[in-house]
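Beneath this line is the structure, given in structure tokens, with notes to follow.
2 protein chains.
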Amino acid sequence: MKTRDKILLSSLELFNERGERNITTNHIAAHLAISPGNLYYHFRNKSDIIYEIFQEYEKLVDYYLDIPEDRAITLEDLTFYLESVFDGLWSYRFFHRDLEYLLDSDPRLRQDYREFTNRCLAAIDRIFGKLAEGGIIAPQPAELRSAMSLNVWLVITNWMAFLKTAHAADAQANLTLTELKQGIYQVLTLELPYLTPEYRERVLALREKYRPTLPETTEQSGVRLNAVGGVA
Amino acid sequence: MKTRDKILLSSLELFNERGERNITTNHIAAHLAISPGNLYYHFRNKSDIIYEIFQEYEKLVDYYLDIPEDRAITLEDLTFYLESVFDGLWSYRFFHRDLEYLLDSDPRLRQDYREFTNRCLAAIDRIFGKLAEGGIIAPQPAELRSAMSLNVWLVITNWMAFLKTAHAADAQANLTLTELKQGIYQVLTLELPYLTPEYRERVLALREKYRPTLPETTEQSGVRLNAVGGVA
């Protein structure tokens, strides 16, 4: 493995584990047991490392969300898209954590992220179209489909923050890929009302596999409600 | 107005305008033309100021989301809830911008925010229940209602970040309350499939008032799609 690739891989690891904000280029060099000079030979600064990692993330998602032109998509395709998107969120999880800050620090990244979002929205929209072609959901007017696609995007990109801010008692240490993928339950919830009768049971069964287990949150909410308004 | 309240108000203003991360207690004192010592007499540190501002935000939202016990809710109630929640997001917009960081820095805030989220989720759930009582949406099983409520929350709390990261070409300077309230269009999109025939047209008309105007984003996405796959 080339030093350049090692730097990218270690940076991603360290950013994910400890937060991008807490990691300097010196940490990265020390982690790889190379000199800061050697690191600077490959990357001018941390922003360049982050930018390149983002480009890899983009490439991965674009590859996964390559919707077939010549056929409808199946429930297996849909499962693959959802699993892949959440795998991507997991592998590059530092990125969404501090998105606004990262975009504020790098205009290239801001511009690319905006185009990336638009490509993702277009892909989700096409997935809805292809699901309708495949008879899985009822066809919807273009305008509704695009508002639905945006909601899917908002749910997907906010799920991790929700887990970290509202669910977990102590920050990000506990978050697992399994919990992250429970976001698929929420995404499929968005699609439920549009399912055709033929596919309803199968999608419900698929959704069931991702049911979140949020005992603590639910309990707390129950207690609070009883205390305030007597509603369970 | 007491110095203490002035400190809170100025801090909120400065945090919203320039980002909490860029504002120190010295900035706040200078803005108010008081000595740092005077500020420290009222607040030990910036965390204490943020915590108190959060408590005001909580109080505001709890006040708005006081769902009546003794009657169904109307479409006017729903409009009021939505408008109020987005007004609150706007008034305290620094908070969601840097939420994870703020919660990592203050365990009190983490705990309180978690309880706040649970109260909001419970309130949204009750709104769905009351909308069904009022004949506006069809009644839904508790489990679905709670997954729907979570999606509403995910859409609401992610809308501002979406505008700032994916929509705006240059950071937060441009964001307006009108754009922020276009998030109501997305929230009402979530409710569309559950509307009763009697209310469908009225809710569609309400939703129309908040239709987002995203010409730039849409155009870019169109161009990109044409370049890549010929799909418009």
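Quick note, the sequences are listed as chains A and B, same order. Its first residue numbered 77, the first sequence is counted upward by one per residue in the working numbering. Its first residue numbered 77, the second sequence is counted upward by one per residue in the working numbering. Built from N, CA and C at the ideal position, the CB exists for glycine as well.
Partners in chain A for residue i, counting only beta-carbon separations shorter than 9 Å
i: Val231(B); result: Leu226, Asn227, Leu230, Val231 and Asn234
i: Gln262(B); result: Ala223, Leu226, Asn227 and Leu230
Residue i vs residue j beta-carbon contact at 7 Å
i: Ile104(B); j: Ser86(B); result: yes
i: Pro215(A); j: Ala208(A); result: yes
i: Thr241(B); j: Glu255(A); result: no
i: Leu115(A); j: Thr101(A); result: yes
i: Arg186(A); j: Leu179(A); result: yes
i: Ile125(B); j: Phe119(B); result: yes
i: Arg283(B); j: Leu264(B); result: yes
i: Tyr133(B); j: Tyr168(B); result: yes
i: Phe162(B); j: Lys257(B); result: yes
i: Asp174(A); j: Glu93(A); result: no
i: Ile213(B); j: Tyr270(B); result: yes
i: Leu158(A); j: Ile260(A); result: yes
Neighbour-count burial assignment, residue i, 16 or more Cβ in a 10 Å radius
i: Phe170(B); result: buried
i: Ser297(B); result: The predicted position of Ser297(B) is uncertain, since its pLDDT is 42 and thus under 50; a value taken from the coordinates is nonetheless stated next. With 16 or more Cβ atoms within 10 Å of its Cβ, Ser297(B) is classed as buried.
i: Asp142(B); result: exposed
i: Leu280(A); result: exposed
i: Pro144(A); result: exposed
i: Arg287(A); result: exposed
i: Phe130(A); result: buried
i: Gly113(A); result: exposed
i: Arg147(B); result: exposed
i: Phe238(A); result: buried
i: Leu253(B); result: exposed
i: Tyr189(B); result: buried
i: Asn302(A); result: With a pLDDT of 31 at Asn302(A), under the threshold of 50, the predicted position of this residue should be treated as unreliable, though the coordinate-derived value follows. Asn302(A) comes out exposed.
i: Asn194(A); result: buried
i: Asp81(B); result: exposed
i: Lys206(B); result: buried
i: Asn285(A); result: The sequence given here has Lys at residue 285(A), not Asn. Result: exposed.
i: Lys78(B); result: exposed
i: Lys122(A); result: buried
i: Thr289(A); result: exposed
i: Arg221(B); result: buried
i: Leu88(B); result: buried
Neighbour list for residue i in chain A, Cβ cutoff strictly below 7 Å
i: Glu176(B); result: Arg173, Ala237, Lys240 and Thr241
i: Leu266(B); result: Asn227
Supposed contact pair residue j and residue i - C-beta distance, whole angstroms, cut 8 Å
i: Thr233(B); j: His172(B); result: 6 Å
i: Gly210(B); j: Ile149(B); result: 6 Å
i: Leu266(B); j: Met224(B); result: 7 Å
i: Val231(B); j: Ile200(B); result: Not really, about 11 Å apart at Cβ, beyond 8 Å.
i: Leu268(A); j: Gln262(B); result: No, Leu268(A) and Gln262(B) are not in contact; Cβ-Cβ is about 17 Å, not under 8 Å.
i: Leu151(A); j: Arg278(A); result: 6 Å
Within chain A, partners of residue i - CB distance below 8 Å
i: Pro269(B); result: Pro269 and Tyr270
i: Tyr318(B); result: Nothing about residue 318(B) can be reported from this structure: the residues present for chain B run from 77 to 308 only.
Listed by chain order, chain B residues near residue i by CB distance under 7 Å
i: Thr193(A); result: Ala242
Span of the alpha helix (DSSP H), counted from its first residue to its last, around residue i
i: Tyr261(A); result: Gly259 to Glu267
i: Tyr133(B); result: Lys122 to Tyr140
i: Arg283(B); result: Pro273 to Glu284
i: Pro112(B); result: Pro112 to His118
i: Met224(A); result: Ala218 to Phe238
i: Asp81(A); result: Thr79 to Arg94
i: Asp146(B); result: Segment: none, Asp146(B) is in no alpha helix (DSSP H) and carries neither H nor E.
i: His107(B); result: Thr101 to Leu108
i: Leu251(B); result: That residue, Leu251(B), is in no alpha helix (DSSP H); it is neither H nor E in DSSP.
i: Thr241(B); result: From DSSP, Thr241(B) is part of no alpha helix (DSSP H); its letter is neither H nor E.
i: Ala208(A); result: Pro183 to Glu209
i: Arg173(A); result: Arg169 to Arg173
Contacts of residue i in chain B (Cβ-Cβ under 9 Å)
i: Leu207(A); result: The contacting residues do not exist; Leu207(A) stays about 15 Å from chain B at best.
Residue-level contact to chain C via CB, residue i, 7 Å cutoff
i: Arg287(A); result: In the structure shown, chain C cannot be found, because the protein chains are A and B.
Heavy atom of the ligand ATP within 6 Å of residue i beta-carbon
i: Glu89(A); result: The model on display carries no ligand, and the ligand ATP is accordingly not part of it.
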